[in-house]
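First the structure, in the form of structure tokens, and then the observations on it.
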Amino acid sequence: MTEGGKHMPDSEKILEEYRKIPTGTISDALDALKIPSGVIVGGPRALNAHVGRMAGYAYTMQQMPKRQLHPGKVRQIEVYNHLAQSGNVVVIDAGGRLDAATTGGLQVIRAKVRGLSGIVLNGCCRDADEIVEQDFPFFCCGTSPRKSVPLETVGVNVPITISNIQICPGDLIVGDATGLVVVPAEECENVLKKAQYIQKVEQRMEECLLSGGDYMGLRDRIQQEIPE
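The sequence shown begins at 2 in this note's numbering and counts up by one.
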């Protein structure tokens with residue numbers, strides 16, 4: 002989906018299609034294709050689920066306890082200011098720390114203005130009310146008034162791990178009120194096709210159930226009616 006850090010022409014179309022599909026359906030598609038689960042369990046949750054489903058390509062950041070900020074290290078604001086691009090979801094691994102916030106309202110405003118797709122923070126934010134007011138997809142582990150004094154950014158656009166799920170730059174991140182799921186970049190199109198089929202089947206199942214149909218054996222019958 003990406004080449005040299007830039008999105009290919011079909012990338013935005015793929016994001017549009019993923020935004021139509023619930024994370025549970027995407028998880029089912031991963032299972033059906035025997036791709037290791039990309040569901041993030043017990044990690045960041047939607048701070049403002051009312052804004053709708055998020056989909057974007059991961060631009061990752063690794064944060065660790067601060068030792069010494071050396072010249073040349075990338076600061077978090079640089080990612081929001083010019084490094085991450087439209088269509089990216091900034092994914093920050095702050096180790097799940099709950100004792101300090103590593104992102105606040107000003108960073109979210111900059112991310113929104115620049116057309117980023119969302120932020121996933123394995124850690125805490127502050128300015129929660131202001132973030133909610135921005136109507137911008139934001140996922141975090143909690144909130145804290147304390148700024149990120151103990152943390153520094155040690156890696157940008159590198160593989161990271163959240164809740165035992167490896168996230169690589171360019172992986173597709175989808176998030177909604179149910180949770181977060183990671184789709185490997187190389188499997189985006191295959192997973193999308195499978196998820197769209199599952200969604201089509203389940204929409205037909207819903208129609209049948211609403212009209213009084215029996216649930217037993219319903220999925221098999223619908224799958225025979227709608228070949229993949």
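Note that the Cβ used here is the ideal one computed from N, Cα and C, for glycine as well. Keep in mind it's a predicted model, so treat the numbers as computed, not measured.
Per-residue burial, residue i [other beta carbons within 10 Å of its own, 16 or more giving buried]
i	result
SER118	buried
THR61	buried
LEU211	exposed
ARG147	exposed
MET217	exposed
ILE41	buried
ARG120	The sequence given here has Ile at residue 120, not Arg. It is buried - the Cβ of ILE120 has at least 16 other Cβ atoms within 10 Å.
THR162	exposed
ALA30	buried
LYS195	buried
GLY231	Residue 231 falls outside the range modelled here, since the chain spans only 2 to 229, and no answer is possible.
ALA59	buried
GLY53	exposed
ASP130	exposed
ALA102	buried
LEU107	exposed
GLN225	exposed
GLY213	exposed
PRO228	exposed
ASN165	exposed
SER149	buried
GLY39	buried
VAL159	exposed
ILE78	exposed
TYR19	buried
ALA56	buried
GLY5	Because the pLDDT of GLY5 is 38, which lies under 50, any placement of that residue in the model is unreliable, and the number read from its coordinates should be weighed accordingly. Counting Cβ neighbours within 10 Å, GLY5 comes out exposed, since fewer than 16 surround it.
Residue i - containing beta strand (DSSP E), residue span
i	result
ALA196	Looking at the DSSP string, ALA196 is not in any beta strand (DSSP E); the run it does join, the alpha helix (DSSP H), is 189-211.
GLU13	Note, GLU13: premise wrong, no beta strand (DSSP E); alpha helix (DSSP H) at 12-19.
LEU219	It is not in any beta strand (DSSP E) - LEU219 instead sits in the alpha helix (DSSP H) that spans 219-226.
GLY57	55-66
N-terminal and C-terminal residue of the alpha helix (DSSP H) that residue i is part of
i	result
GLY156	From DSSP, GLY156 is part of no alpha helix (DSSP H) but of the beta strand (DSSP E) over 152-157.
ILE27	24-33
Residues that residue i bridges to, as DSSP identifies them
i	result
ASN123	ASP94
THR104	CYS126
ASN89	TYR58
ILE41	LEU181
ALA1	Here the chain covers residues 2 to 229 and nothing more, so residue 1 does not appear.
Check: Touch check for the segment 115-134 and the segment 77-87: three-plus C-beta pairs under 8 Å?
Finding: yes
Item checked: Three CB pairs or more closer than 8 Å across the segment 149-165 and the segment 200-220 -> no
Check: Touching or not, the segment 47-63 and the segment 137-149, by the rule of three or more beta carbon pairs under 8 Å?
Finding: yes
Margin query: Using a Cβ distance threshold of 8 Å, determine whether the segment 25-38 contacts the segment 123-134, with at least three qualifying pairs required.
Written below: no
Notebook entry, point to check: Touching or not, the segment 88-98 and the segment 54-69, by the rule of three or more beta carbon pairs under 8 Å?
Noted result: yes
Notebook entry, point to check: What are the start and end residues of each continuous beta strand (DSSP E) run of 3 or more residues lying completely inside the segment 127-187, in chain order?
Noted result: 139-141, 152-157, 161-163, 166-168, 173-176 and 181-184
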